[in-house]
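Asker: So in the working numbering, spot 58 of the sequence shown is number 71, and the numbers just go up one at a time.
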Amino acid sequence: MAEGIYKFSVQNTLGFYRDHFGRLVIEPTEARIVEYIYESYLEGATPSEIAAALTEQGIKSPMGNDSWSAGTVRSILRNEKYCGDALMQKTYTKDFRTHKSVKNTDLNMYFKENHHTAIIKKEDWLKVQKLLSERHTSPHKAKLRFLSNRFVAHRVKDGLFKGYLILDSRWSPAERQEFMKIVDDTQDNTK
14 MAEGIYKFSV QNTLGFYRDH FGRLVIEPTE ARIVEYIYES YLEGATPSEI
64 AAALTEQGIK SPMGNDSWSA GTVRSILRNE KYCGDALMQK TYTKDFRTHK
114 SVKNTDLNMY FKENHHTAII KKEDWLKVQK LLSERHTSPH KAKLRFLSNR
164 FVAHRVKDGL FKGYLILDSR WSPAERQEFM KIVDDTQDNT K
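Written as structure tokens, this is what we have:
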């Protein structure tokens, strides 16, 4: 960690997955959800309003739950990984027998700037951090736009089907073809 070599878990991290070589890759459909969260917050929505909007739109949380909480949205807004940085050893396993992670107050933490490809621009992430530290309550109800969940698919992040996409069974064959074209175009752009 002191040398900046660190592989953070992507198990419940929205927007990232590891390919078969262990490289960190941006998941385009999940990254769009992260962008929506940041854009909505910068437009004046509270974490509670964003969570309610995501729940209403039927978008699954990072843990795969049907409903979102304000705390989940807040943790995504505070997470430095989305701007490409990595703060290492935020938590650690205090007792190897229980495998329970605790917040780190005892050990060194290590920060690596530009550790990986960012989903959110650094200046937007910094604006959000400033707003989070200033804003306690919002005096108005923000008007949230809907995130088009027509093409929100989830990538299996571990296990036998790691790397595969789970398509929505309600999609028509034409929508499936259109989705696969979007995925192919995204992969062509990253090469």
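Here a beta-carbon is modelled for each residue, glycine too, at the ideal position from N, C-alpha and C. Here the structure is a predicted model, which means the values were calculated and not measured.
Three-state secondary structure (DSSP) at D119?
Answerer: Along the sequence shown, read from residue 1 onward, the residue named residue 119 stands at position 106. Coil.
Asker: Is the Cβ-Cβ distance between A83 and P60 less than 8 Å?
Answerer: Taking the first residue of the sequence shown as 1, we reach residue 83 at position 70. Taking the first residue of the sequence shown as 1, we reach residue 60 at position 47. In this structure, the beta-carbon distance from A83 to P60 falls below 8 Å.
Asker: Can the beta-carbon of T106 be found closer than 8 Å to that of K116?
Answerer: Numbered from its first residue, the sequence shown carries residue 106 at position 93. Numbered from its first residue, the sequence shown carries residue 116 at position 103. Contact flag unset, no.
Asker: Could you tell me if F109 is buried or exposed, where buried requires 16 or more neighbouring beta carbons within 10 angstroms of its beta carbon?
Answerer: Here residue 109 is taken as the residue at index 96 of the sequence shown, counted from 1. Exposed is the call here.
Asker: May I ask you to verify whether the region 47-61 touches the region 133-148, counting CB pairs closer than 8 Å and requiring at least 3?
Answerer: yes
Asker: So for L100, helix, strand or coil by DSSP?
Answerer: In the sequence shown, residue 100 corresponds to position 87, counting from 1. DSSP places L100 in strand when its eight states are reduced to three.
Asker: Let me know the alpha helix (DSSP H) ranges lying completely inside the region 30-92, each 4 residues or longer, listed in chain order.
Answerer: 41-55, 60-69, 83-91
Asker: Roughly how many angstroms separate the alpha carbons of D197 and T130, rounded to a whole number?
Answerer: One-based indexing of the sequence shown puts residue 197 at position 184. One-based indexing of the sequence shown puts residue 130 at position 117. Each residue's alpha carbon lies about 19 Å from the other.
Asker: What are the boundary residues of the alpha helix (DSSP H) that E147 is part of?
Answerer: Mapped onto the sequence shown, residue 147 falls at position 134. E147 -> alpha helix (DSSP H) spans 135-147.
Asker: Taking the DSSP output, what are the residues bridged to T106?
Answerer: Along the sequence shown, one-based indexing puts residue 106 at 93. Paired residue(s): S114.
Asker: Express the C-alpha separation of W81 and K94 in angstroms, rounding to a whole number.
Answerer: Sequence index remark: in the sequence shown, residue 94 carries index 81 (1-based). Sequence index remark: in the sequence shown, residue 81 carries index 68 (1-based). Between K94 and W81, the C-alpha separation is close to 20 Å.
Asker: For I205, I'd like the list of residues in its chain whose CB is within less than 7 Å of its CB, leaving aside the five on either flank, ordered along the chain.
Answerer: No answer is possible for residue 205: it lies beyond the span of the chain, which begins at 14 and ends at 204.
Asker: Among K125, G97, R31, whose alpha-carbon lies nearest the alpha-carbon of E136?
Answerer: Walking along the sequence shown from the start, residue 136 turns up at place 123. Measuring from the Cα of E136, the nearest candidate turns out to be G97.
Asker: State the Cα-Cα distance for the pair V47 and I132, rounded to the nearest angstrom.
Answerer: Within the sequence shown, residue 47 is the residue found at index 34, counting from 1. Within the sequence shown, residue 132 is the residue found at index 119, counting from 1. Distance between the alpha carbons of V47 and I132: 8 Å.
Asker: Which value, in whole angstroms, describes the spacing of the CA atoms of M193 and K125?
Answerer: On the sequence shown, position 180 is the one that residue 193 refers to. On the sequence shown, position 112 is the one that residue 125 refers to. Using only the alpha carbons, I get a separation of about 35 Å.
Asker: If I'm right that M76 touches N25 with Cβ under 8 Å, what's the distance once you round it to whole angstroms?
Answerer: As a working note, residue 76 is residue 63 in the sequence shown. As a working note, residue 25 is residue 12 in the sequence shown. At roughly 6 Å, the Cβ-Cβ gap stays under 8 Å, so M76 and N25 are in contact.
Asker: With DSSP as the reference, label K125 as helix, strand or coil.
Answerer: Locating residue 125 in the sequence shown gives position 112, counting from the first residue. Here K125 sits in strand by DSSP.
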